[in-house]
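Chains as they are written, first to last, in our numbering: chain A, 58 to 357; chain B, -9 to 246.
Where is the CB? At the ideal position from N, CA and C, for every residue including glycine.
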């Protein structure tokens, strides 16, 4: 009985959607990428040909919007046998915020209203890790201050991500290499994921993001640093556009004290495995069972 | 009637025992909700005044109030930050660079001071007599303050006396300045091991391939290696100052 109704319901819905797609295609004279995507399937479920078409459309839209013809939008896939992980040496971090601005520069975050994917928390050495008493607005002449230590927090790329579980439309998911990505074209802007994330790592575009055309990083990934529209959530993707081509994330390369480490967790000889073997390592809010891929450690 | 009642009560409180002699003994009680409600009213007024003052002080000067000197009043972008190049150019040959305990050589940028005019050292030192004495340097290198390890350490513990363009390890092996990590690693063994693995220090390039390292001396002045404090970049803008862009958008929309 219930099966029958479900079948009929599905049939009606798909018939309705196909009609709508047909009408919209007829109205605009050609197939409109986002309409088709809205009515049919998510980007990752599409055929390679359709993906190429959509990428070309997105690229065209970006180039037109910022009046730059060097912008590229790719969908570089995950590499086989790779699980990314990140290490951050709390005994070295001086809280200089170079990483914050390198991230903004690399990932095309909105300048106004300002969005920062990395937040550096200043904490008292005497109190240890205490989120309630931490300060992200510290602004002394010089850092580090002897009584403080600094704890940068961005997306922890959890193995058990609460944000992915709560998304009502599957607009965010975990990739095979461990990166949790968001499809901005699929995101509703309901912000359930933001309230689910225990690290405050997700950020919302409350208005149309503004970035000067000459500040755009033209090398973009569809789920990474592609300029986002208004009303969607965004977050750190381990610089997916760089790391899937083998490069280090921007924050790793800018860090003046070399506190930031990145590599393949499955590579026995890699730096991540070395630091996990040799150093004192911990993850944030372990008790929540989110199982982050972001490891804090003390090299000394 | 009501006024009359108040008077009656006040009189009572002052001790006039006139209850029995009043015109109507029963109604006054039923007219009042509570005996002594006037003191309750006073308490209520006091409570409301105090809570209003507390709220007022919170709104005006307490939570959420930021003075001009505190950070986070204005949003800064990466282009407003001077002195830092966020477009990191890799060293030539980074992609193909090999590194590791066995391969030996590490790709590093030119050593510090190599383009400052001091190098090659032999320009001056080849004609000078070697003076190993621990002394105050006056004519040259007077900017060097040696704050590194034991007090009896001096120049020729690391610099090679016969050819100043190279450094000398304890075992007598001569090395060039771009291998100076071997010299530092003589004492700082565990740090050297971490550095080779990429855990100590900054690297650029490919996590799955070639990368460039920095020499110890790029970050630590070998004569005074303690790491110096640096100026932080501006803090993020506080939420109460974030809304400017949104306000403009709303105003534009309302004008239309």
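Mind checking whether residue 158 of chain A and residue 100 of chain B have CB atoms under 8 Å apart? Walking along the first chain from the start, residue 158 of chain A turns up at place 101. Walking along the second chain from the start, residue 100 of chain B turns up at place 110. Taking 8 Å as the Cβ cut-off, residue 158 of chain A and residue 100 of chain B do not qualify as a contacting pair.
Three-state secondary structure (DSSP) of residue 67 of chain B: Numbered from its first residue, the second chain carries residue 67 of chain B at position 77. Here residue 67 of chain B sits in coil by DSSP.
Status (buried if at least 16 other CB within 10 Å, exposed otherwise) for residue 267 of chain A: Position 210 of the first chain, counted from the start, is the residue given in the question as residue 267 of chain A. Label assigned to residue 267 of chain A: exposed.
Taking DSSP as the reference, what is the three-state secondary structure of residue 168 of chain B? Within the second chain, numbered from 1, the residue matching residue 168 of chain B stands at position 178. Reduced to three states, the DSSP call for residue 168 of chain B is helix.
Using the DSSP secondary-structure output, state which residues sit across from residue 172 of chain A in a beta bridge. For the purposes of this step, residue 172 of chain A is taken as the residue at position 115 of the first chain. None; residue 172 of chain A has no bridge partner.
With distances taken Cα to Cα, identify the nearest neighbour of residue 214 of chain B among B:229, B:138, B:225. Counting from 1 along the second chain, the entry for residue 214 of chain B is found at position 224. The shortest C-alpha separation from residue 214 of chain B is found at B:138.
Are any of the Cβ atoms in chain B nearer than 8 Å to that of residue 153 of chain A? For the purposes of this step, residue 153 of chain A is taken as residue 96 along the first chain, with counting starting at 1. Judged by the 8 Å Cβ criterion, residue 153 of chain A is in contact with chain B.
Could you pull out every residue in the same chain whose Cβ sits closer than 7 Å to the Cβ of residue 280 of chain A, ignoring the five residues on either side in sequence? Within the first chain, numbered from 1, the residue matching residue 280 of chain A stands at position 223. Once the five neighbours on either side are set aside, the close Cβ partners of residue 280 of chain A are 238, 239, 240, 294, 297.
Taking the alpha carbon of residue 72 of chain B as the point to measure from, which residue in A:303, A:117, A:155 has its own alpha carbon closest? For the purposes of this step, residue 72 of chain B is taken as the residue at position 82 of the second chain. For the residues A:303, A:117, A:155, the minimum Cα distance to residue 72 of chain B belongs to A:155.
Inter-residue Cα distance where the pair is residue 66 of chain B and residue 188 of chain A: Mapped onto the second chain, residue 66 of chain B falls at position 76. Mapped onto the first chain, residue 188 of chain A falls at position 131. Taking the straight line joining both Cα atoms gives about 25 Å.
For residue 187 of chain B, which residues in chain A fall below 7 Å Cβ to Cβ? In the second chain, residue 187 of chain B corresponds to position 197, counting from 1. Residues of chain A passing the Cβ test: 328, 331.
Measure from the alpha carbon of residue 231 of chain B to the alpha carbon of each residue in B:46, B:64, B:33, then state which is nearest. Position 241 of the second chain holds residue 231 of chain B. Closest option to residue 231 of chain B, Cα to Cα, is B:64.
How big is the Cα-Cα spacing for residue 125 of chain B and residue 153 of chain B? The residue you call residue 125 of chain B lines up with position 135 of the second chain. The residue you call residue 153 of chain B lines up with position 163 of the second chain. So the two alpha carbons sit approximately 21 Å from each other.
Proximal chain B residues relative to residue 171 of chain A, where beta-carbon distance stays under 7 Å: Locating residue 171 of chain A in the first chain gives position 114, where the first residue counts as 1. Near residue 171 of chain A (Cβ distances below 7 Å), the residues of chain B are 65, 226, 227, 232.
Indicate the three-state DSSP secondary structure (helix, strand or coil) for residue 220 of chain B in the structure shown. Locating residue 220 of chain B in the second chain gives position 230, counting from the first residue. DSSP places residue 220 of chain B in strand when its eight states are reduced to three.
Do the CB positions of residue 138 of chain A and residue 201 of chain A come within less than 8 Å of each other? Translated into the one-based positions of the first chain, residue 138 of chain A becomes position 81. Translated into the one-based positions of the first chain, residue 201 of chain A becomes position 144. Not a contact, by the Cβ cut-off of 8 Å.
So, helix, strand or coil for residue 354 of chain A, using DSSP? Residue mapping note: residue 354 of chain A aligns to position 297 of the first chain, counting from 1. Note: residue 354 of chain A maps to strand in three-state DSSP.
Name, please, each residue of chain B whose Cβ falls closer than 8 Å to the Cβ of residue 194 of chain A. As a first step, residue 194 of chain A must be located in the first chain, where it is residue number 137. Chain B residues near residue 194 of chain A: 60, 61, 62, 225, 226, 228.
Beta-carbon neighbours of residue 176 of chain A, restricted to chain B and to distances below 8 Å: Translated into the one-based positions of the first chain, residue 176 of chain A becomes position 119. 226, listed in chain order.
8 Å Cβ cut-off: residues of chain B touching residue 289 of chain A: For this step, residue 289 of chain A is matched to residue 232 along the first chain. Per Cβ cutoff of 8 Å: no residues; residue 289 of chain A is ~16 Å from chain B at best.
In chain B, what lies closer than 7 Å to residue 162 of chain A by C-beta? Taking the first residue of the first chain as position 1, residue 162 of chain A is located at position 105. Here the neighbours are 68, 76.
Considering only C-alpha positions, which residue in the set B:146, B:190, B:216, B:212 is nearest to residue 170 of chain B? Along the second chain, one-based indexing puts residue 170 of chain B at 180. The shortest Cα separation from residue 170 of chain B among B:146, B:190, B:216, B:212 belongs to B:212.
Using beta-carbon positions only, say whether residue 150 of chain A and residue 207 of chain A come within less than 8 Å of one another. Here the question's residue 150 of chain A lines up with position 93 in the first chain. Here the question's residue 207 of chain A lines up with position 150 in the first chain. Yes, the Cβ-Cβ distance between residue 150 of chain A and residue 207 of chain A is below 8 Å.
Using only the alpha-carbon positions, how far apart do residue 74 of chain B and residue 98 of chain A sit? Locating residue 74 of chain B in the second chain gives position 84, counting from the first residue. Locating residue 98 of chain A in the first chain gives position 41, counting from the first residue. Their backbone Cα atoms lie some 43 Å apart in a straight line.
The stretch 189 to 199 of chain B touching the stretch 309 to 316 of chain A, judged by at least three CB pairs closer than 8 Å: yes
Given a limit of 9 Å on CB to CB distance, which residues of the stretch 195 to 219 of chain B reach chain A? 195, 196, 197, 198, 199, 201, 204, 209, 217, 218, 219
Delimiting residues of the alpha helix (DSSP H) encompassing residue 182 of chain B: Within the second chain, the letter at position 192 stands for residue 182 of chain B. Per DSSP, residue 182 of chain B belongs to the alpha helix (DSSP H) from 179 to 187.
In the structure shown, what three-state DSSP assignment does residue 147 of chain A receive? Here residue 147 of chain A refers to the residue found at position 90 when the first chain is read from its first residue. Three-state result, residue 147 of chain A: coil.
Nearest chain B C-beta to residue 199 of chain A closer than 8 Å, yes or no? Locating residue 199 of chain A in the first chain gives position 142, where the first residue counts as 1. Yes, because at least one Cβ of chain B sits closer than 8 Å to the Cβ of residue 199 of chain A.
Residue 328 of chain A to residue 336 of chain A span [Cα, whole Å]: Taking the first residue of the first chain as position 1, residue 328 of chain A is located at position 271. Taking the first residue of the first chain as position 1, residue 336 of chain A is located at position 279. Cα to Cα, the separation comes out at about 11 Å.
So with CB distances below 8 Å, who are the chain B contacts of residue 188 of chain A? For the purposes of this step, residue 188 of chain A is taken as residue 131 along the first chain, with counting starting at 1. Result: empty, since nearest Cβ-Cβ is about 16 Å, beyond 8 Å.
Starting from residue 113 of chain B and walking both ways along the alpha helix (DSSP H), at which residues does that stretch end? To locate residue 113 of chain B, count along the second chain from 1; it is residue 123. Its alpha helix (DSSP H) spans residues 112 to 115.
Mind pulling the chain A residues with CB within less than 8 Å of residue 82 of chain B? Along the second chain, one-based indexing puts residue 82 of chain B at 92. Chain A residues near residue 82 of chain B: none, gap ~16 Å exceeds 8 Å.
Buried or exposed, going by whether 16 or more other CB atoms sit within 10 Å of the CB of residue 86 of chain B? Reading the second chain from its first residue, position 96 is the one you call residue 86 of chain B. So residue 86 of chain B counts as exposed.
Coil, strand or helix - residue 46 of chain B by DSSP: By one-based count along the second chain, residue 46 of chain B stands at place 56. Helix.
Interface positions of the stretch 113 to 135 of chain B facing chain A (Cβ-Cβ less than 9 Å), listed along the chain: none
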